[in-house]
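A.B. asks: Residue numbers (the working numbering), protein chains in the order written: chain A, -15 to 95; chain B, 36 to 149.
1) Since I believe residue 64 of chain A is in contact with residue 6 of chain A (beta carbons under 8 Å), could you give me their beta-carbon distance rounded to a whole number of angstroms?
2) Within 10 angstroms of its Cβ, does residue 74 of chain B collect 16 or more other Cβ (buried), or is it exposed?
3) So, with DSSP's three-state summary, where would you put residue 33 of chain A?
4) Kindly indicate which three-state DSSP category residue 116 of chain B falls into: helix, strand or coil?
5) Residues in the region 57 to 85 of chain B with C-beta within 9 Å of chain A's C-beta atoms, listed in sequence order?
6) With a threshold of 16 other CB atoms inside 10 Å of the CB of residue 81 of chain A, please say whether the residue is buried or exposed.
7) Run through chain A and tell me which residues come within less than 9 Å of residue 135 of chain B, C-beta to C-beta.
8) Are the beta-carbon atoms belonging to residue 110 of chain B and residue 57 of chain B less than 9 Å from one another?
9) Return the chain-ordered list of same chain residues with a C-beta closer than 7 Å to the C-beta of residue 32 of chain A, the five sequence neighbours on each side being excluded.
10) So what's residue 121 of chain B in DSSP terms, helix, strand or just coil?
11) With C-beta atoms as the reference, is residue 71 of chain A less than 9 Å away from residue 22 of chain A?
12) Taking only beta-carbon atoms, is residue 131 of chain B less than 9 Å away from chain A?
13) Over what stretch of residues does the beta strand (DSSP E) that includes residue 76 of chain A continue unbroken?
14) I'd like to check one pair, residue 75 of chain A with residue 67 of chain A: are the Cβ atoms closer than 9 Å?
15) Would you tell me roughly how many angstroms separate the C-alpha atoms of residue 37 of chain B and residue 52 of chain A, rounded to the nearest one?
16) Is the shortest distance between the beta-carbon of residue 47 of chain A and the beta-carbons of chain B less than 9 Å?
17) For residue 64 of chain B, I'd like the list of residues in its chain whose CB is within less than 7 Å of its CB, leaving aside the five on either flank, ordered along the chain.
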């Protein structure tokens, strides 16, 4: 079946280092992708989005890269901080505006 | 401005009971979504409204689940004859237009069926 998946369930990084969270998707018809951050007890928080006509988009300390050839999405966080510790989800929007989420990657930041 | 508001934040009910979960979206957002999230999993799509109508209800697991949005703003998710397997966090999100605009989530209602 079609799915949005993540390569690593847990990522541990040192404070100040850069983090890269990866995501694979299988539906080539998806045209919009979003990264969310979720802290314990809270709803997913929007981080950054990208449309399929782009391959890179930058925000504050975050960059999303989209490789449509291999159906791969990544989130790069620069100078990772303890407050970045959370679960990160990629999500793809398929036909009919339904947003499908992956299972998530837990980011742990150590001082 | 105010974000998406969900009430109650926690709900404990007995197996077989009926529950209603409420969602107040961001003012002006035409699209509203319901998701369900189990522990350690990503949110699972249930239903999506564009205005007052359900544009896609393909994620509702069975006919015990129903949702309404009568005036195109507040939405209620209704679960009849609750089962222990319905226990999860129910998330609501709204979006300005639905099409290629980000979803903004509330903090969810944690439903526990005993």
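For glycine and all other residues, C-beta sits at the position ideal for the given N, C-alpha and C.
C.D. replies: In brief:
1) Wrong, their Cβ atoms sit about 15 Å apart, outside the cutoff.
2) exposed
3) strand
4) coil
5) 66, 68, 70, 72, 75, 76, 77, 78, 79, 80, 83, 85
6) buried
7) 15, 16, 33, 35, 77, 81
8) yes
9) 19, 41, 43, 46, 48
10) helix
11) yes
12) no
13) 70 to 77
14) no
15) 36 Å
16) no
17) 129, 130, 131
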